[in-house]
Amino acid sequence: MGKITISVIKADIGSLAGHHIAHPDTMAAASRVLAEAKSKGVIIDFYVTHVGDDIQLIMTHGKGENSPEIHGLAWEAFKAAANVARDLGLYAAGQDLLSEAFSGNVRGLGPGVAEMEIEERPSEPIITFHADKTEPGAFNLPLYKVFADPFNTAGLVIDPRMHDGFRFQILDVYEGKAVTLNAPEELYDILALIGTPARYVIKRIYRKDGLLAAVVSSERLNLIAGKYIGKDDPVAIVRAQHGLPAVGEVLEPFSFPHLVAGWMRGSHHGPLMPVGMKDAKCTRFDGPPRIIALGWQVKNGRLVGPADLFADPAFDEARRLAQQIADYMRRHGPFMPHRLGPEEMEYTTLPQVLERLADRFEKVEEAPKGVHKERSKML
Ligand code: F6R
Ligand code: MG
Ligand code: MG
């Protein structure tokens, strides 16, 4: 067996009763397209699921990352699903398919993509993470803990195969640039960047010997489209065990439901709640932001699984804490820091509301003078 590629490609093509859950018929339509491709040998294996209003295609194949054939297949699957969504009158049908024309790669057209080409190990445990009502930077904190924090990952201390640490490729999604930094040597520099998750996003993590250990989708729809389309509901693929963090070490950070950007109208901070697949729907205030974790063994490209990893009482306290945080944050109503800050609100519909007030402002003596020009915009 040569190299195999795992491609997780997701899109919101419309959902049932608002933006809260994908309809099973749309997933069936996507599955039919992928099943046919599997029967023709285009892909080795696939699995279709959802979290909230996003359909998730998990595919294995031998065609490498950014394969036009695989991206084209995903595009066809989403289009078939969107047609069903239109027939059923589902809400926001076709939402993430930003263009009519496919041009070889789904990146930039709406869907989110995490792909890794790997040399399969004799036993290859992999976790795919799928989140709704949040953004790619939501993975910054947990992945930092998994691959750089010895208080989370005992293996960083105990296992000689990962004792040298990991390399973090970090994207600046505003500038379209990337930097690669070493852990533990440059931990503080890593944190100086990824503590701003709206802009700096962990893209890939490599073991020091070059083995690719994790990859995150980094599409930011609002930046692509220049206006609010929805949050970017990210996905990630993480390899585990045998000289990498154990499955339990990869899951451990999610026992802390950290605050992420997204939730209602993509405009609020809220806790990221780890849930089993049966709870992968966004109800309260269109949330709270949710994440599922699917455990797989990949064998000759075959996807064995999934194990529904957060469907476990061990995460009950995290869910309870997330509820309490949700209560606490909600009581701020339209106030920051529940509502996102001005830079992020720029891509929502709030500027249109503020625009209407612009003419009603008059100069007064009390107003501070000399405000920096860029900061004098209403947002
Ligand atoms: C957030 C999300 C929802 C919608 C909200 C308003 O990512 O999908 O919270 O933003 O339900 O939706 P519209 O504007 O379609 O009524
Ligand atoms: Mg939606
Ligand atoms: Mg979504």
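First residue of the sequence shown: 60, per the numbering used here; consecutive thereafter.
From the three backbone atoms N, C-alpha and C, an ideal C-beta is built for every residue, glycine too.
{"Check": "Alpha carbon to alpha carbon, how far is Asp-208 from Phe-394? Give it in angstroms, no decimals.", "Outcome": "33 Å"}
{"Check": "Counting C-beta neighbours from all protein chains within 10 Å, is the total for Gln-383 16 or more, i.e. buried, or is it exposed?", "Outcome": "exposed"}
{"Check": "Checking 8 Å against the spacing of the C-beta atoms, do Ile-186 and Val-260 come in under that value?", "Outcome": "no"}
{"Check": "Quick check on this structure: which residue in Val-309, Ala-273 and Val-172 has the alpha carbon closest to the alpha carbon of Phe-369?", "Outcome": "Val-309"}
{"Check": "Compute the minimum distance between the beta carbon of Asp-112 and the heavy atoms of ligand 2, and state whether it is under 7 Å.", "Outcome": "yes"}
{"Check": "Only counting the same chain, and skipping five residues up and downstream in sequence, which positions put a Cβ closer than 8 Å to that of Met-404?", "Outcome": "Ser-326, Arg-398, Pro-410 and Leu-438"}
{"Check": "Helix, strand or coil: how does DSSP classify Gly-321 here?", "Outcome": "strand"}
{"Check": "Tell me whether Met-404, by its Cβ, gets closer than 7 Å to a heavy atom of ligand 1.", "Outcome": "no"}
{"Check": "Mind pulling the alpha helix (DSSP H) runs of 4 or more residues that sit fully within the stretch 234-273?", "Outcome": "246-253"}
{"Check": "At 4 residues or longer, what runs of the alpha helix (DSSP H) sit wholly inside the stretch 285-351?", "Outcome": "306-310"}
{"Check": "Among Met-336, Gln-154, Ala-251 and Tyr-203, which has the Cα closest to the Cα of Ala-272?", "Outcome": "Tyr-203"}
{"Check": "Closer than 7 Å to a non-hydrogen atom of ligand 3 - does that hold for the CB of Lys-267?", "Outcome": "no"}
{"Check": "Are there three or more Cβ pairs, one per stretch, closer than 8 Å when the stretch 112-124 is compared with the stretch 67-81?", "Outcome": "yes"}
{"Check": "Can you tell me whether Lys-340 is buried or exposed, with buried defined as 16 or more other CB within 10 angstroms of its CB?", "Outcome": "buried"}
{"Check": "Do His-33 and ligand 3 come close, with the Cβ less than 7 Å from some heavy atom?", "Outcome": "With the chain covering 60 to 438 only, the question about residue 33 has no answer from this structure."}
{"Check": "Determine the direct distance from the alpha carbon of Gly-73 to that of Gln-154, and round the result to whole angstroms.", "Outcome": "6 Å"}
{"Check": "Just to confirm the assignment, what range does the beta strand (DSSP E) spanning Asp-113 have?", "Outcome": "113-120"}
{"Check": "Hey, would you say the C-beta of Asp-375 is under 7 Å away from at least one heavy atom of ligand 5?", "Outcome": "In the structure on display, ligand 5 does not appear, and the ligands it does have are ligand 1, ligand 2 and ligand 3."}
{"Check": "Using 8 Å as the threshold, is the C-beta distance between Ala-133 and Ala-144 below it?", "Outcome": "no"}
{"Check": "Look at the alpha carbon of Asn-245 and the alpha carbon of Lys-267, and state the distance between them as a whole number of angstroms.", "Outcome": "It is worth fixing the name first, because residue 245 is Glu in this sequence and not Asn. Answer to the nearest angstrom: the Cα atoms are 13 Å apart."}
{"Check": "Would Ile-217 be called buried (16 or more neighbouring beta carbons within 10 Å of its own) or exposed?", "Outcome": "exposed"}
{"Check": "Skipping 5 residues on each side, what residues in its chain have a beta carbon closer than 8 Å to that of Phe-344?", "Outcome": "Trp-322, Met-323, His-327, Gly-329, Ala-385 and Arg-389"}
{"Check": "CB-CB under 8 Å to Val-238, same chain, minus the five flanking residues each way: which ones, in chain order?", "Outcome": "Gln-228, Ile-229, Asp-231 and Leu-252"}
{"Check": "For Tyr-406, count neighbouring C-beta atoms within 10 Å of its own C-beta (all shown protein chains included) and say buried if the count is 16 or more, exposed if not.", "Outcome": "buried"}
{"Check": "Apart from the five residues on each side of it in sequence, which residues of its chain come closer than 7 Å, Cβ to Cβ, to Ala-214?", "Outcome": "Position check: residue 214 holds Gly in this sequence, whereas Ala was assumed. So the qualifying residues of the chain are Met-221, Pro-304, Ala-305 and Glu-308."}
{"Check": "Is DSSP giving Tyr-406 helix, strand or coil here?", "Outcome": "coil"}
{"Check": "Could you give the distance in angstroms between the alpha-carbon of Pro-348 and the alpha-carbon of Val-319?", "Outcome": "8 Å"}
{"Check": "Hey, out of Gly-111, Lys-138, Ser-126 and Glu-128, whose CA is closest to Ser-90's CA?", "Outcome": "Lys-138"}
{"Check": "Using the Cα positions of Lys-236 and Thr-408, report the straight-line distance between them to the nearest angstrom.", "Outcome": "28 Å"}
{"Check": "Where does Lys-358 fall in DSSP's three states?", "Outcome": "strand"}
{"Check": "Is it buried or exposed, Lys-122, if we count other Cβ atoms within 10 angstroms and call 16 or more buried?", "Outcome": "buried"}
{"Check": "Just reading off the alpha helix (DSSP H) that Tyr-150 is part of, what are its end residues?", "Outcome": "Segment: none, Tyr-150 is in no alpha helix (DSSP H) and carries neither H nor E."}
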